[in-house]
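Using my numbering, read the sequence shown as starting at 110 and increasing by one per residue. Before any comments, here is the structure.
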Amino acid sequence: MPAQLPHGSTWEDREHAVHRQAWQYHSNDMALADDLLSHLMRGFRELEVVKSPDDSQELTLLLVTGAANFLRSAHNLALDGYYVQALSLARNAYEYWLAGAWLNAIPQDAPKLRQGSADWPTPSRMREALAATLAHDASEHERPEPALGRIYHDLSRFTYPSFASVSGALDSKGTLRSGPFYQRRRLLAFLDLAYTTATLLHRLLEQSFPSLRESDWSRRSDDLTAKVAAWAARQAAEPSEGTQ
């Protein structure tokens, strides 16, 4: 028999309870996520003064804006316990970043995206080409690029029907849990991918709009990237835990 919600409980009650747990156990993690998303908004405000951007710049800005909206929506879903749905939206944000990074590297492809051309590359092709380019262009002074293949693989596991995407609804005894619920491991998995995608979006704005590169906004981007790297190092140092 499927597990039932407690008497008198509603979807909203469960969401509020999970939301409170997330903030209770992960207040610093949530604050970092808010900082990363708020920083994107500040970047958009600074770019409101950009006059007559070229076609690739305009499309890149639209893509980064769309990606930020996906990430914010995903963040809200994760806080309420909808981790698989949050990761699905995070993949949308990542693919928008891929398209923007492609335009930054190959601006002459802008008409293909605007016109919906069949020649516009697939996400897999963009990812492979960009990974090679980033590895070739990186210097010892640049912050290291994340493994693009790992991000795409981890996000894709939850986009399509699979055991990985549905198994979280079973508790340790094999009982079906209906409605949202707090699960530490999946929340941290979402935050890892969301943090990485947000820092990629920060860097894409800098690369596409030179006016940001020497600004306080860029220096703040570096600070946030360092915080994300420190967070990832702490998570890697912690012993692995089972589903909670």
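The beta carbon of each residue, even a glycine, is placed where N, CA and C say it ideally should be.
Query raised in the report: Roughly how many whole angstroms lie between the Cα atoms of ASP218 and LEU285?
Result: Distance between the alpha carbons of ASP218 and LEU285 is about 48 Å.
Requested in this report: Output the distance between the C-alpha atoms of TRP132 and LEU321, rounded to the nearest integer angstrom.
Outcome: Their backbone Cα atoms lie some 33 Å apart in a straight line.
Query raised in the report: What does LEU285 pair with, by DSSP beta-bridge criteria?
Result: In the DSSP output, where bridge partners are listed per residue, LEU285 has LEU279.
Report task. Could you check what DSSP says for ALA66 in three-state terms: helix, strand or coil? Result -> This structure cannot settle anything about residue 66, because the visible part of the chain is limited to 110 through 353.
Requested in this report: Would you mind working out which of LEU145, PHE318, LEU207 and ALA177 sits nearest SER233, comparing C-alpha positions?
Outcome: Per the Cα distances, LEU207.
Query raised in the report: Considering only residues of the same chain and omitting the five flanking positions on each side of ARG252, which have a CB-CB separation below 7 Å?
Result: For ARG252, the predicted structure reports a pLDDT of 42, less than 50, and the residue's modelled location is therefore unreliable. A value from the coordinates is still provided. Closer than 7 Å at Cβ, skipping near neighbours: THR334.
Query raised in the report: Any idea what DSSP makes of GLY152, helix, strand or coil?
Result: Three-state result, GLY152: helix.
Query raised in the report: Nearest to LEU297 by CA position, among VAL193, ALA176, MET235 and ALA227, is which residue?
Result: For LEU297, the nearest C-alpha among the options comes from VAL193.
Requested in this report: Starting from the C-beta of ALA202, find all residues in its chain whose C-beta is less than 6 Å away, skip the five residues before and the five after it, and write them out in chain order.
Outcome: ALA176, PHE179, LEU180 and THR306.
Query - Sequence-distant residues of its chain with Cβ nearer than 8 Å to GLU315 (five each side left out) - result: These residues qualify, in order along the chain: LEU321, ARG322, SER327 and SER330.
Query raised in the report: Ordered along the chain, which non-local residues of its own chain (more than five positions away) have a Cβ less than 7 Å from that of GLU124?
Result: ASP189, GLY190 and PRO289, listed in sequence order.
Query raised in the report: Quick one: what's got a C-beta closer than 6 Å to HIS128's C-beta in the same chain, skipping five residues either side?
Result: So the list reads LEU188 and ASP189, once near-sequence residues are dropped.
Requested in this report: Measuring alpha carbon to alpha carbon, tell me which of HIS148, ASP138 and MET139 ends up nearest THR308.
Outcome: That would be HIS148, whose Cα lies nearest to the Cα of THR308.
Query raised in the report: DSSP three-state call for ASP263: helix, strand or coil?
Result: It is helical.
Requested in this report: Taking all protein chains shown into account, decide if PHE153 is buried (16 or more other Cβ within 10 angstroms of its Cβ) or exposed.
Outcome: Under this definition PHE153 is an exposed residue.
Query raised in the report: Got a sec, what are the start and stop residues for the alpha helix (DSSP H) ASP325 sits in?
Result: Where ASP325 is concerned, the enclosing alpha helix (DSSP H) starts and stops at 325 to 346.
Query raised in the report: DSSP on ARG322, reduced to helix/strand/coil?
Result: Collapsing the DSSP output to three states places ARG322 in coil.
Report task. Consult DSSP for SER271 and reduce its assignment to one of helix, strand or coil. Result -> Correct three-state label for SER271: coil.
Requested in this report: Check each candidate in ALA338, GLN344 and TYR291 and name the one with the smallest Cα separation from ASP122.
Outcome: Measuring C-alpha to C-alpha distances from ASP122 to each of ALA338, GLN344 and TYR291 identifies TYR291 as the nearest.
Query raised in the report: Would the beta-carbon of GLY209 be found less than 8 Å away from any heavy atom of the ligand FAD?
Result: Ligands in the displayed structure: none, and consequently the ligand FAD is not present.
**Report entry** Buried or exposed by the 16-neighbour rule on C-beta atoms within 10 Å, applied to MET150
**Finding:** With fewer than 16 Cβ atoms within 10 Å of its Cβ, MET150 is classed as exposed.
Query raised in the report: Going by other Cβ atoms of all chains shown within 10 Å of its Cβ, with 16 needed for buried, is ALA142 buried or exposed?
Result: Label assigned to ALA142: buried.
**Report entry** CA nearest to the CA of LEU171, picked from TRP120, LEU198, ALA199 and ARG223
**Finding:** Minimum Cα distance to LEU171 is reached at ARG223.
Query - Distance CB(ALA303)-CB(HIS184) smaller than 9 Å - result: Pairing ALA303 with HIS184 gives a Cβ-Cβ distance under 9 Å.
Query raised in the report: For TYR191, which three-state DSSP category applies?
Result: In this structure, TYR191 counts as coil in the three-state DSSP scheme.
Query raised in the report: From SER182 to HIS262, what distance separates their C-alpha atoms?
Result: The C-alpha of SER182 lies about 21 Å from the C-alpha of HIS262.
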